[in-house]
């Protein structure tokens with residue numbers, strides 16, 4: 001969510017944003033995923049796309065900001081779901097280039113945080 005993008009745009013109040021993100025991940029871990037490989041049935045749906053996209057961006061932003069929130073030890077069910085999600089052919093074939101996106105947003109963040 002919103003806390004993820006706020007973490008990207010500013011260094012201020014970083015601790016409370018990280019706490020908010022961790023709480024969101026914990027809620028999904030405890031109440032959303034369970035043992036499921038896909039949220040609804042055998043076919044990837046809109047909920048899978050929404051959560052998968054958010055987690056994909058979160059990992060990119062973690063690299064840029066230099067924090068680790070989506071930890072496989074803290075969120076084993078969610079992490080296993082995400083790894084399964086990324087391996088689905090329709091997802092694997094359509095994920096954007098992580099390195100290119102990381103480089104673009106790293107430069108963008110440097111510009112945002114640079115003194116005026």
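Residue numbers (UniProt numbering): 1 to 116.
C-beta: ideal position from N, C-alpha, C; glycine also.
In this text, all values refer to a predicted model and were calculated from it rather than measured experimentally.
task: Look at the alpha carbon of residue 82 and the alpha carbon of residue 19, and state the distance between them as a whole number of angstroms.
output: 21 Å
query: Rounded to a whole number of angstroms, what is the C-alpha to C-alpha distance between residue 62 and residue 50?
result: 18 Å
Endpoints, the alpha helix (DSSP H) within which residue 117 is located: Residue 117 lies beyond the residue range present for the chain, which begins at 1 and ends at 116; the question has no answer from this structure.
8 Å contact criterion, which residue 33 and residue 77 should meet: CB distance rounded: 5 Å
message: Quick check: what's the CA-CA separation for residue 95 versus residue 26?
response: Residue 95 and residue 26 have their C-alpha atoms roughly 25 Å apart.
task: Return helix, strand or coil for residue 37, following the three-state DSSP convention.
output: coil
query: Which residues mark the beginning and the end of the alpha helix (DSSP H) in which residue 99 is found?
result: 98–113 is the span of the alpha helix (DSSP H), which, as asked, contains residue 99.
task: Would you give the residue range spanned by the alpha helix (DSSP H) that residue 80 belongs to?
output: 76–87
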